[in-house]
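S.K.: Top line first, the protein sequences correspond to chains G, H, V and B. Residue 124 in my numbering is what sits at position 124 of the first sequence, and the numbering runs on without skipping anything. Residue 1251 in my numbering is what sits at position 251 of the second sequence, and the numbering runs on without skipping anything. Residue 2112 in my numbering is what sits at position 112 of the third sequence, and the numbering runs on without skipping anything. Residue 3075 in my numbering is what sits at position 75 of the fourth sequence, and the numbering runs on without skipping anything. Glycine included, every Cβ here is placed at the ideal spot set by N, Cα and C. The structure's right below; bear with me while I get my questions together.
Number of protein chains: 4
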Amino acid sequence: MKIGKATVPRTAICTSNEHTIAIRGRDLSKDLIGKVSFVEHFYLLLTGRMPSAGEAAVLNATLVAIAEHGLVPSVQAARMTFAAAPDAMQGAVAAGILGCGSVVLGSSETAGRMYSEIDAKVRDGAAVDAAALEVMQSWRAAGRSIPGYGHPQHKERDARVSALFGVARDAGTDLRFVAIAEAAEAAIPRVLGKDLKLNVSGAIPAVLLGAGFPVQALKGVPILARTAGLIAHLFEEIGQPIGFALSYQATREMVYEGELPPGFGAHP
Amino acid sequence: MKIGKATVPRTAICTSNEHTIAIRGRDLSKDLIGKVSFVEHFYLLLTGRMPSAGEAAVLNATLVAIAEHGLVPSVQAARMTFAAAPDAMQGAVAAGILGCGSVVLGSSETAGRMYSEIDAKVRDGAAVDAAALEVMQSWRAAGRSIPGYGHPQHKERDARVSALFGVARDAGTDLRFVAIAEAAEAAIPRVLGKDLKLNVSGAIPAVLLGAGFPVQALKGVPILARTAGLIAHLFEEIGQPIGFALSYQATREMVYEGELPPGFGAHP
Amino acid sequence: MKIGKATVPRTAICTSNEHTIAIRGRDLSKDLIGKVSFVEHFYLLLTGRMPSAGEAAVLNATLVAIAEHGLVPSVQAARMTFAAAPDAMQGAVAAGILGCGSVVLGSSETAGRMYSEIDAKVRDGAAVDAAALEVMQSWRAAGRSIPGYGHPQHKERDARVSALFGVARDAGTDLRFVAIAEAAEAAIPRVLGKDLKLNVSGAIPAVLLGAGFPVQALKGVPILARTAGLIAHLFEEIGQPIGFALSYQATREMVYEGELPPGFGAHP
Amino acid sequence: MKIGKATVPRTAICTSNEHTIAIRGRDLSKDLIGKVSFVEHFYLLLTGRMPSAGEAAVLNATLVAIAEHGLVPSVQAARMTFAAAPDAMQGAVAAGILGCGSVVLGSSETAGRMYSEIDAKVRDGAAVDAAALEVMQSWRAAGRSIPGYGHPQHKERDARVSALFGVARDAGTDLRFVAIAEAAEAAIPRVLGKDLKLNVSGAIPAVLLGAGFPVQALKGVPILARTAGLIAHLFEEIGQPIGFALSYQATREMVYEGELPPGFGAHP
C-alpha cells in the first residue's frame, strides 16, 4: 500500500557492494575500523562529518554522564524482562530503552529545543536573560513544563552539570548554549516560583549543541548511553539474578482497592 | 508474588546519594566524566575494571565495524516504525534492536561460545586444529549451525575481518581466539562441505575475548553498535522520510495466495 | 530512588492468594473462565463492569475491523524481526505493536478526543454541526491535523465505516458520537478545503464511546486487535518465511545519495 | 541485500483493493464485522478456517484464564515504562509483552511441544502413561526442564486448570491432549522426584491442541491475552500512577555490593 508521496528509498549514510562498505564517503574497513573511536563514528554516522577532538570529547562526556544511575525504573524493567525471557537479551534491552520517554530521559531533547528557541531570539538581537525569560514564560503559558531543571535526588546543582561544563570549556567548543542554560537557570524562580537547579538533562544539550550535535538527534544520546548501562546490568543479571526479587519487593506493600468475591481466600 | 528464592536486590554497578553517583568504585562526576571515553566507560560498567589502551582500541574497533551496514532489515523495521510513530524515537530504536536475534546479529555471541569451547580443549592440551574440528563436528551432530562464517554479500573473507585482526595485533591484546577462529575457518570445508570464510560476526568474538570481554556479554556489542547506527538512520528519517516508501516497495511484487471473496474488486 | 509523591502501589484490577485469583470482584476460575468471552473480559478488566450484550457486540466489531490489513508497515517490521530473531516471537510482536503510533493507528484515540471535545460543546447547548466546525477549526488553528478522515487506499467512505455504524445501530448502544463523527465529516470540506471521508480510525471511537469505552483507553483497541493479526502473520512466517524477501524488495530501487570512497567497488 | 533464497513476498492472509479488504476468502466489511467475534476472527486469521462453537469457547476460555494475574513482573515493567514515557502507550505494551519469555509465559508453547511429542508416540501405538514417562525422561536427560507443572503461588492444582478442562468437556472438543497432560502430571514424581501439579501453562495447550489450535502458534495465546491485561493496567496507570512507586519499593532494601569512592556521601 502506498502511504505518502515518496516511493523510492534514499539514504546518504551507507551503501555497499561485495568488496566495500562505504559509510559517509569512507571505506569502513580501510578508513574507519581502528582509525576512529566508536563515538567519533557515531558522530560521523549522524552528521556526515568527523568531529573535532573537542567535539568528540564533549560527546564522550555526555554519554559517560548519562549511561548509568543504578536501579532506575528502566533498568528494573529490563532486568525483570530478562529474568522472564533470558534467551532474548535484545528484548530486555528494548524494554529498558522504551523507558527513555518524555518524562524521564527525553527531557534532554526538550531542553535542547527550548535552548534553541532562546538562541533564535538572541541571534535576533535579544539579551540572553530577557530571551530566556520570554521563552520560558511562553512555554508555561502554553501549559508545557520546563525541562532540564530539578532532580528528585540532587537538590543542589547536580555535580554532573559542572563536570560537563568543565569538559566543554576545556574542549574549546562553543559555549553559547551553556550561557543560555545558565540564564534559564537564573530565571527559574521568576518562572516557576521555586529555585530549581540545572540537572544533567539540561546540561547535555547545553554542551552538545555547541559541539555541532543536531537538536533533533538529542534524544539519541540518552538512548545510546543507557543501552551501555543496560547491557552491563543484564550481564550482571546473568550472574546474579534479581529481576524477580525486584518485582517481589515492589509489591510487598501493594494495596488492593478493588472488590473481592465472596469467600475469597478460603480453601475451596 | 515471589518467584524464585532471591528476595533482596543486589548490585555492584552503581549506587548514589544526594551528592555522589558511585560507579564501580569511582565518583562519576570527578573520576569519569571528561576523564574516560564512552567505550572505556562501557567496559568499566560491564567488567568492573578500566580497560587497557589496547583493550579499549579493540572494543572501539568492533563497535565501529558492526554499527552500520545500510538499509538492513532491522534498519527498515526501525524506519517504518518511526514513520508510523514519530513521537517516540525510543520505540523505533527498540524495534530495530529487536532484530538483533539469533539469525542476524546474535551469531557474534554464539561464535564466541564456540571459540570458548575450543579454547577449553586447547587449555586441556589439545592441538588447536583438532580441537576446532572436534567442537564443530559435535555442534553439527547436535543439529546446530556453525556461527561466524559466510555472508550473503561478501563471498571472500569480509574486509572487516582483516581490519579487526590488524587492530588486535597492533593493540597487543591476546590473539589466542584469533588463532582459534582461523583454525575453525580452515576446518569449515571438512565440517560443512563448502568453503565459507570468516565473517564479521566471527571476527568480533575472536578479538574481543582476547581483550578481556566476557563471552556472556558479547551480544551487547552488536546491540550497542547498532543502536548508534539506528539513531543516525532515524535522524535521517526526520529530514528525509523513507519508512513508508520502503514498505511500499517491499510489497510491489507481493503475491496473494489465499482465496478471494465473490466479486472481489468490483465497485459495490 | 523516589520519583514523584506516591510510594505505595495501589490497584483495583486483580489480587490473588493461594486459592483464588480475584479479578474486578469476580473469582477468575469460578465466575469468568468459560462464563465470559475474551472481549467481555477485556471490557471488564478495563472498566470494572461487565458490558451489556450490545456493548460487547460493538467492541467485538471494532476489534475485527482493525485487526488485519495485509502486509502493512507494522506487519513488515514484525516479520523482518521474526526472520532475524525466530526464537523470540514476543520480540517480533513488540516490534509490530511499536508501529501503532500517532500517524498510523493512533488516530483512533485522537479522533476520540476530538469527538469528546465536540460532545462537551453539544452538552453545553451547541448544535452538533456548529460544535464540530468550531472544534475542528480550533484544532487546525493550533496546527493539529484532523484525525479520522481520509485513507491512502479507500477514497470513498471506507466500507468498514458503514459496517461498524450498522453494528452500533443493531446493538442499541448510544449513537451520539456517530452523529458527531458524521457532522465532522460534513464539515471537512470547509475545514480542510477537500472532501475526505470517514475512515475506520474515525468510526472506531464513534461507536466505542457510545458503548461506554473510555476515551483514554482507545489506543488499546488497535493495539489489541493488531496483536491478533501480528500473531497470525508470525505463524505464517514460520511456515513460509518472507521477512528477508520483504527487505530485499524494499531496497531494490534504493538510491544512495552520499559520497563514495575512491575506488569503491573495485576488487581490492 | 539478499538474505536467503526467497525474494517474492507471499501471503495467504489478506489482500485488498480500493473497495474490498479480503481476509481468508471473506469480505471483511460484509462477512466479518458484526458477524463474528474477535476471538473467532483471531482463529480465522491464524488457521484460515472459522472455528466451531466449541473451538471458539475453548480459545475464549484460555484467553480469559491467562489475561491477568495482578502486578506481575511484565505488568510492573509496562507501568514503569508508561510512567516514564506516557505519550507512547504502544511502547509500554511492548515492554510488557517482551516479558512473555521462556521462563514465565512461554511455557504454554513448550508444554504444547512436549504433549505433541507424547501424542506422536501414542499415535504410534504406545500407551499414554508409558509415552509420557518416556518423553519426559528424555527431556530431562537432555537437560530441559519440564514445562506446565508447578506454580510459585498455587501449590495444589491451580483452579484455572479444572475450569479449563471443564470448558473443554462441555465444548465437545478433542480431549486427547487433556489425557496426555494428566498422564504427564501423574508421571511427574517419577521424573522430578517431587509432586508438582498441572499449572495454567500446561492446561492451555492441553485444551487448545484439541481445539485445532496449531502448536507453533501457542505462544500467541499468552501474548494476546496479556495484551488485554496490560491495556487495562495502563489505563489504570493514567488515573492512578504507580509506576514510580513500584520502582521505589523495589529498591528500598537494595544492597550495593560494589566499592565506594573515597569520601562517598560527604558534602563536597
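Please state the DSSP three-state secondary structure of residue 1138(H).
M.R.: One-based indexing of the second sequence puts residue 1138(H) at position 138. Of the three classes helix, strand and coil, the one that applies to residue 1138(H) here is helix, per DSSP.
S.K.: Could you give the DSSP three-state label for residue 2255(V): helix, strand or coil?
M.R.: Counted from its first residue, the third sequence places residue 2255(V) at position 255. DSSP places residue 2255(V) in strand when its eight states are reduced to three.
S.K.: In the DSSP assignment, what residue or residues form a beta bridge with residue 1023(H)?
M.R.: Reading the second sequence from its first residue, position 23 is the one you call residue 1023(H). Residue 1023(H) pairs with 1014(H) and 1026(H).
S.K.: May I ask you to list, following chain order, the residues of the stretch 3216-3231 of chain B that have a beta carbon less than 8 Å from some beta carbon of chain V?
M.R.: Flagged, chain order: 3216, 3217, 3219, 3220, 3223, 3224, 3225, 3227, 3228, 3229 and 3231.
S.K.: Give the straight-line distance between the Cα atoms of residue 337(G) and residue 239(G), rounded to the nearest whole angstrom.
M.R.: With chain G covering 1 to 268 only, the question about residue 337(G) has no answer from this structure.
S.K.: Give me the Cα-Cα distance between residue 2194(V) and residue 2127(V), rounded to the nearest whole angstrom.
M.R.: For the purposes of this step, residue 2194(V) is taken as the residue at position 194 of the third sequence. For the purposes of this step, residue 2127(V) is taken as the residue at position 127 of the third sequence. Each residue's alpha carbon lies about 23 Å from the other.
S.K.: Can you confirm whether residue 234(G), when its beta carbon is compared against all beta carbons of chain B, has any partner nearer than 8 Å?
M.R.: Here residue 234(G) refers to the residue found at position 234 when the first sequence is read from its first residue. No, no contact with chain B.
S.K.: State yes or no: is the C-beta of residue 251(G) within less than 8 Å of the C-beta of residue 2009(V)?
M.R.: Here residue 251(G) refers to the residue found at position 251 when the first sequence is read from its first residue. Here residue 2009(V) refers to the residue found at position 9 when the third sequence is read from its first residue. Yes, Cβ-Cβ distance for residue 251(G) and residue 2009(V) is below 8 Å.
S.K.: If you reduce the DSSP assignment to three classes, tell me which class residue 198(G) lands in.
M.R.: Taking the first residue of the first sequence as position 1, residue 198(G) is located at position 198. The answer is strand: DSSP assigns residue 198(G) an E or B state.
S.K.: Find the residues of chain G that neighbour residue 2149(V), judging by a C-beta separation of less than 8 Å, and give them in chain order.
M.R.: Here residue 2149(V) refers to the residue found at position 149 when the third sequence is read from its first residue. Those within 8 Å of residue 2149(V) in chain G number zero; the least Cβ separation is about 15 Å.
S.K.: If we call anything under 8 Å between Cβ atoms a contact, is residue 3212(B) one with residue 1258(H)?
M.R.: In the fourth sequence, residue 3212(B) corresponds to position 212, counting from 1. In the second sequence, residue 1258(H) corresponds to position 258, counting from 1. Not a contact, by the Cβ cut-off of 8 Å.
S.K.: Could you confirm whether any beta carbon from chain V is found closer than 8 Å to the beta carbon of residue 3257(B)?
M.R.: The residue given as residue 3257(B) occupies position 257 in the fourth sequence. Chain V, which has no Cβ nearer than 8 Å to the Cβ of residue 3257(B), makes this no.
S.K.: Using a C-beta cutoff of 8 Å, does residue 3210(B) count as contacting chain V?
M.R.: Reading the fourth sequence from its first residue, position 210 is the one you call residue 3210(B). No, residue 3210(B) does not count as interfacial toward chain V.
S.K.: Please state if the CB of residue 3057(B) and the CB of residue 3171(B) are separated by a distance shorter than 8 Å.
M.R.: By 1-based counting over the fourth sequence, the position of residue 3171(B) is 171. By 1-based counting over the fourth sequence, the position of residue 3057(B) is 57. Yes, they are a contact pair.
S.K.: Residue 2178(V) versus chain G: which residues are under 8 Å apart at the beta carbon?
M.R.: Working through the third sequence from its first residue, we reach residue 2178(V) at position 178. The contacting residues do not exist; residue 2178(V) stays about 27 Å from chain G at best.
S.K.: If contact is defined by three or more beta carbon pairs under 8 Å, each pair taking one atom from either stretch, is the stretch 1116-1126 of chain H in contact with the stretch 1186-1200 of chain H?
M.R.: The stretch 1186-1200 of chain H, when compared against the stretch 1116-1126 of chain H, does not touch it at the 8 Å Cβ threshold.
S.K.: Strictly below 9 Å CB to CB, what residues from chain V border residue 3242(B)?
M.R.: Reading the fourth sequence from its first residue, position 242 is the one you call residue 3242(B). The contacting residues are 2006, 2008, 2009, 2010 and 2011.
S.K.: Give a yes or no on whether the C-beta atoms belonging to residue 1091(H) and residue 2084(V) are separated by under 8 Å.
M.R.: For the purposes of this step, residue 1091(H) is taken as the residue at position 91 of the second sequence. For the purposes of this step, residue 2084(V) is taken as the residue at position 84 of the third sequence. No.
S.K.: Take residue 74(G) and list the residues in its own chain whose beta-carbon comes closer than 6 Å to its own, dropping the five residues that flank it on each side.
M.R.: What you label residue 74(G) is simply residue 74 of the first sequence in a count that begins at 1. Here the set comprises 96 and 99.
S.K.: Compile a chain-ordered list of the residues in the stretch 2031-2045 of chain V whose CB is closer than 9 Å to at least one CB of chain G.
M.R.: Those would be 2031, in chain order.
S.K.: Quick one: is residue 199(G) near chain H, going by C-beta distance under 8 Å?
M.R.: To locate residue 199(G), count along the first sequence from 1; it is residue 199. Not one chain H Cβ lies under 8 Å of residue 199(G).
S.K.: Would you say the stretch 107-114 of chain G touches the stretch 206-226 of chain G, given that touching needs at least three Cβ pairs under 8 Å?
M.R.: Because the criterion of three Cβ pairs below 8 Å is met, the stretch 107-114 of chain G and the stretch 206-226 of chain G touch.
S.K.: Rounded to a whole number of angstroms, what is the C-alpha to C-alpha distance between residue 2015(V) and residue 236(G)?
M.R.: Looking up residue 2015(V) in the third sequence gives position 15. Looking up residue 236(G) in the first sequence gives position 236. The alpha-carbon atoms of residue 2015(V) and residue 236(G) are separated by roughly 32 Å.
S.K.: Mind pulling the chain B residues with CB within less than 9 Å of residue 1082(H)?
M.R.: Taking the second sequence and counting its residues from 1, one reaches residue 1082(H) at position 82. In chain order: nothing, as chain B lies at least about 12 Å away.
S.K.: By the 10 Å Cβ neighbour count, where 16 or more other Cβ atoms means buried, how is residue 1060(H) classified, buried or exposed?
M.R.: To locate residue 1060(H), count along the second sequence from 1; it is residue 60. Buried, since its Cβ has 16 or more Cβ neighbours within 10 Å.
S.K.: Closer than 6 Å by C-beta to residue 157(G): which residues in its own chain qualify, once you throw out the five before and the five after it? Chain order, please.
M.R.: For this step, residue 157(G) is matched to residue 157 along the first sequence. Contacts found: 197 and 198.
S.K.: Give me the residue from 3174(B), 3220(B) and 3226(B) with the minimum Cα distance to residue 3207(B).
M.R.: Within the fourth sequence, the letter at position 207 stands for residue 3207(B). Checked all of 3174(B), 3220(B) and 3226(B); the closest Cα to residue 3207(B) is 3174(B).
S.K.: Where does residue 2999(B) land, buried or exposed, given buried means 16+ other C-beta within 10 angstroms?
M.R.: In this structure chain B extends from 3001 to 3268, so residue 2999(B) is not present and cannot be described.
S.K.: Looking only at DSSP bridge pairs, what is residue 149(G) linked to?
M.R.: The count along the first sequence starts at 1 and reaches residue 149(G) at position 149. BP columns for residue 149(G) point to 198(G).
S.K.: Compare the beta carbon distance of residue 3077(B) and residue 3093(B) with 8 Å and say whether it is the shorter of the two.
M.R.: Numbered from its first residue, the fourth sequence carries residue 3077(B) at position 77. Numbered from its first residue, the fourth sequence carries residue 3093(B) at position 93. Against a cut-off of 8 Å, the Cβ pair of residue 3093(B) and residue 3077(B) comes out as no contact.
S.K.: Under the rule that 16 or more other beta-carbon atoms within 10 Å means buried, what is residue 3051(B), buried or exposed?
M.R.: Reading the fourth sequence from its first residue, position 51 is the one you call residue 3051(B). The residue in question, residue 3051(B), is buried, as its Cβ has 16 or more Cβ neighbours within 10 Å.
S.K.: Could you tell me whether any Cβ in chain B is nearer than 8 Å to the Cβ of residue 2089(V)?
M.R.: As a position in the third sequence, residue 2089(V) is number 89, starting the count at 1. Yes, residue 2089(V) counts as interfacial toward chain B.
S.K.: Taking residue 1159(H) as the reference, give the member of 47(G), 20(G), 148(G) and 107(G) with the closest Cα.
M.R.: The residue labelled residue 1159(H) in the question sits at position 159 within the second sequence. Cα-wise, what sits closest to residue 1159(H) is 20(G).
S.K.: Look up residue 67(G) in the DSSP assignment and say whether it is helix, strand or coil.
M.R.: Against the first sequence, residue 67(G) aligns to sequence position 67. Residue 67(G): coil per DSSP, three-state reduction.
S.K.: For the alpha helix (DSSP H) that contains residue 117(G), what are its first and last residues?
M.R.: Here residue 117(G) is taken as the residue at index 117 of the first sequence, counted from 1. Run containing residue 117(G): 107-123, per the alpha helix (DSSP H) assignment.
S.K.: Residue 231(G): which of 1046(H), 1168(H) and 1202(H) sits nearest, CA to CA?
M.R.: One-based indexing of the first sequence puts residue 231(G) at position 231. Checking every option, the nearest Cα to that of residue 231(G) belongs to 1046(H).
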